[in-house]
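Undergrad: Residue numbers (full-length UniProt numbering), protein chains in the order written: chain L, 1 to 251; chain W, 1 to 251. Here a beta-carbon is modelled for each residue, glycine too, at the ideal position from N, C-alpha and C. None of these values were measured; they are calculated from a predicted model.
There are 2 protein chains.
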Amino acid sequence: MSDFHDVAKNGLSTAELEAVLRRVGTERYHNRHPLHHRMTSGGMSKGELQAWALNRYCYQAVIPRKDAIILARATDPAFRAAWRKRIEDHDGEDGWSGGIARWLHLATSLGLDAEAVKGENLALPATRFAVGAYFSFCANATLLEAVASSLTELFSPVIIGERVPAMLAKYEYITEDTLAYFSRRPEQASRDSDFALDYVLRHADTPERQQAAIDALVLKCDILWAMLDALQHAYQAGNIPPGAFRPEQES
Amino acid sequence: MSDFHDVAKNGLSTAELEAVLRRVGTERYHNRHPLHHRMTSGGMSKGELQAWALNRYCYQAVIPRKDAIILARATDPAFRAAWRKRIEDHDGEDGWSGGIARWLHLATSLGLDAEAVKGENLALPATRFAVGAYFSFCANATLLEAVASSLTELFSPVIIGERVPAMLAKYEYITEDTLAYFSRRPEQASRDSDFALDYVLRHADTPERQQAAIDALVLKCDILWAMLDALQHAYQAGNIPPGAFRPEQES
């Protein structure tokens with residue numbers, strides 16, 4: 001396990017910075033989390049999958065808002081025009097024909113009530129705190145850091161490639177229709193992460209800014225990791241906090 | 001377990017509102033958390049206690065900042081004069097002679113390095129997200145909600161009364177000097193929570209404001225609970241996330 005705290009202190013070439021950013025993903029992206037392996041191995045109960053979908057909805061729902069905050073902070077119209085596509089992807093034409101709607105479909109296909117999912121108040125407090133930290137970071141850190149925190153998308157095709165075939169194979173009640181959300185994401189994420197990576201590599205032009213970009217990506221990995229930690233503690237180990245979603249008893 | 005979501009919808013008398021607020025504490029304050037019982041039963045390893053002290057430091061350190069945000073939002077000079085005492089309590093005369101310094105003393109008495117504790121970057125990400133949620137809430141919710149979120153202090157004399165004698169009895173390396181932080185807190189917390197409770201009862205004068213005050217206290221309990229959940233998952237169950245404090249191997 002690397003310590004990324006001082007990795008840029010002597011300055012990195014563009015290629016070196018890209019290599020460090022990719023190494024953050026290799027070491028700390030949430031496809032390394034035990035709960036991801038439990039999911040892909042077929043070991044999760046339906047209640048655990050419901051809890052995952054319900055909690056992850058809070059993350060999906062904040063994405064276009066954090067992208068709007070980034071849009072609001074960007075002074076370059078060309079940057080805004082490119083970044084705006086992210087909001088369109090998640091909200092769709094009418095708010096409910098994009099990625100958020102597809103995630104909601106995933107959740108309801110698993111048996112959850114749409115209003116309960118959209119209300120978000122059955123999610124784990126820890127999920128809401130992690131998601132709130134992401135939004136606050138994009139609002140309060142530098143624009144470079146906010147963009148760098150989106151670079152987990154560099155790694156999302158990997159986790160989707162692990163997750164989708166395994167879920168289709170291991171859970172009889174999960175179909176391609178359930179997982180329609182993921183069919184669009186690799187292409188969108190590649191387009192978006194290419195743009196964001198190029199931006200970060202061009203704008204992280206001092207050791208301090210390089211370190212800030214690396215730290216932002218580490219923070220984002222911490223956010224995704226903490227969300228799975230909270231799910232594992234609540235629904236695998238059985239420590240559901242007061243007020244949070246409780247799966248129905250399964251036979 | 002009560003659902004506090006709609007409890008004020010028909011309006012509550014002052015006495016009823018106070019009773020609901022106290023019931024939030026009875027049901028959801030973190031003296032109900034299994035990790036608190038593990039602590040008071042003597043079951044925690046020294047590494048777990050170190051992790052608790054190190055993580056809780058992040059909470060202690062944000063208290064005067066969230067109180068300063070409340071101060072900044074208060075237009076009544078008399079309110080500010082009363083609330084200001086909280087900042088004085090935590091920072092002391094010179095920043096390092098109040099509650100934060102006493103918490104740091106607790107942490108170093110357990111064998112932690114002061115700079116590592118103060119740096120906060122070995123704390124669990126989940127701790128930082130929960131603490132950040134508290135700060136953001138006090139900055140962005142109404143002043144009434146921010147004040148109501150402080151009402152966990154109504155219950156802190158109880159948890160301190162459970163914690164201190166048990167820790168002195170169960171852990172040979174813990175002395176009254178280690179726990180000096182707690183000797184001042186009950187008196188301060190009583191003074192502060194009397195003031196805050198009076199404020200909330202006088203200003204929560206519609207069903208909507210009553211519900212907002214109740215929800216704020218529930219949220220604060222969720223924050224404290226999530227901090228113990230994260231510690232339990234990481235240090236009792238052994239799922240320490242990347243980058244977080246790792247206790248030395250104990251013999």
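1) Would a C-beta distance cut-off of 8 Å place Ala204(W) and Leu17(W) closer than the cut-off?
2) Alpha carbon to alpha carbon, how far is Ser150(W) from Ala212(W)? Give it in angstroms, no decimals.
3) For Ser251(L) and Met39(L), I'd like the C-alpha separation in whole angstroms.
4) Have a look at Asp222(L) and Ser13(W) and give me their C-alpha separation to the nearest angstrom.
5) State the CB to CB distance for the pair Pro186(L) and Ile159(L), rounded to an integer number of angstroms; the pair is presumed to be in contact (CB under 8 Å).
6) Label Asp229(L) either buried or exposed according to how many other C-beta atoms from any shown protein chain fall within 10 Å of its C-beta, with 16 as the threshold for buried.
7) Can you tell me the Cα-Cα spacing of Asn10(W) and Pro207(W), whole angstroms?
8) Less than 8 Å between the beta carbons of Thr178(L) and Leu231(L), yes or no?
9) So what's Gly132(L) in DSSP terms, helix, strand or just coil?
10) Which residue comes first and which comes last in the alpha helix (DSSP H) that contains Gly238(W)?
11) Taking the alpha-carbon of Glu115(L) as reference, which of Pro125(L), Leu104(L) and Leu124(L) has the nearest alpha-carbon?
12) Please tell me whether Lys66(W) and Phe155(W) are closer than 8 Å, where the distance is taken between their beta carbons.
13) Starting from His36(W), trace the alpha helix (DSSP H) both ways and give me its first and last residue.
14) Since Leu124(L) contacts Pro241(L) with CB under 8 Å, what's their CB separation in whole angstroms?
15) Please report the straight-line C-alpha distance between Val20(L) and Gly98(W), rounded to a whole angstrom.
16) Can you tell me whether DSSP reads Gly161(L) as helix, strand or coil?
17) Residues in its own chain within less than 8 Å of His36(L) by CB, not counting five upstream and five downstream?
18) Helix, strand or coil for Leu124(L) per DSSP?
19) Are there 16 or more other CB atoms within 10 angstroms of the CB of Glu172(W), so buried, or fewer, so exposed?
20) If we ignore side chains and look at the alpha-carbon of each, how far apart do Tyr199(W) and Ala78(W) end up?
21) Does the ligand SAH have even one heavy atom less than 7 Å from the beta-carbon of Ile174(L)?
22) Cβ closer than 8 Å: which chain L residues qualify as neighbours of Gly132(W)?
23) Counting along the chain, where does the alpha helix (DSSP H) carrying residue 330(W) start and finish?
24) Can you give the Cα-Cα distance for Arg84(L) and Gly92(L), rounded to whole angstroms?
25) Whole angstroms are fine: how far does the CA of Gln249(W) sit from the CA of Leu224(W)?
26) Tell me, please, whether the CB atom of Asp113(L) is closer than 8 Å to any CB atom in chain W?
27) What do you get for His5(L), buried or exposed, if any count of 16 or more other CB atoms within 10 angstroms of its CB means buried?
TA: Taking the definition as stated:
1) yes
2) 13 Å
3) Note that Ser251(L) scores 46 on pLDDT, short of 50, meaning its location in the model is unreliable; the coordinates nonetheless yield the value given after this. Going from the Cα of Ser251(L) to the Cα of Met39(L) covers about 20 Å.
4) 44 Å
5) Contact flag wrong, Cβ pair sits at about 10 Å.
6) buried
7) 6 Å
8) no
9) helix
10) Taken as a continuous stretch (DSSP letters only), Gly238(W) belongs to no alpha helix (DSSP H), as it is neither H nor E.
11) Measuring from the Cα of Glu115(L), the nearest candidate turns out to be Leu104(L).
12) no
13) Segment Pro34 to Thr40, the alpha helix (DSSP H) holding His36(W).
14) Right, their Cβ atoms sit about 7 Å apart.
15) The straight-line gap from Cα to Cα measures roughly 41 Å.
16) helix
17) Taking His36(L) as the centre and dropping the five residues before and after it, the same chain places the C-beta of His30, Ile159, Glu162, Arg163 and Leu228 closer than 8 Å to its C-beta, in chain order.
18) coil
19) Result: exposed.
20) 12 Å
21) Judged by which ligands are present, the structure shown has none, so any question about the ligand SAH falls away.
22) Phe129, Gly132, Ala133 and Ser136
23) No information on residue 330(W) is available, as it lies outside the stretch 1 to 251 that chain W covers here.
24) Approximately 12 Å between the Cα atoms of the pair.
25) Leu224(W) and Gln249(W): Cα-Cα distance of roughly 28 Å.
26) no
27) So His5(L) ends up on the exposed side.
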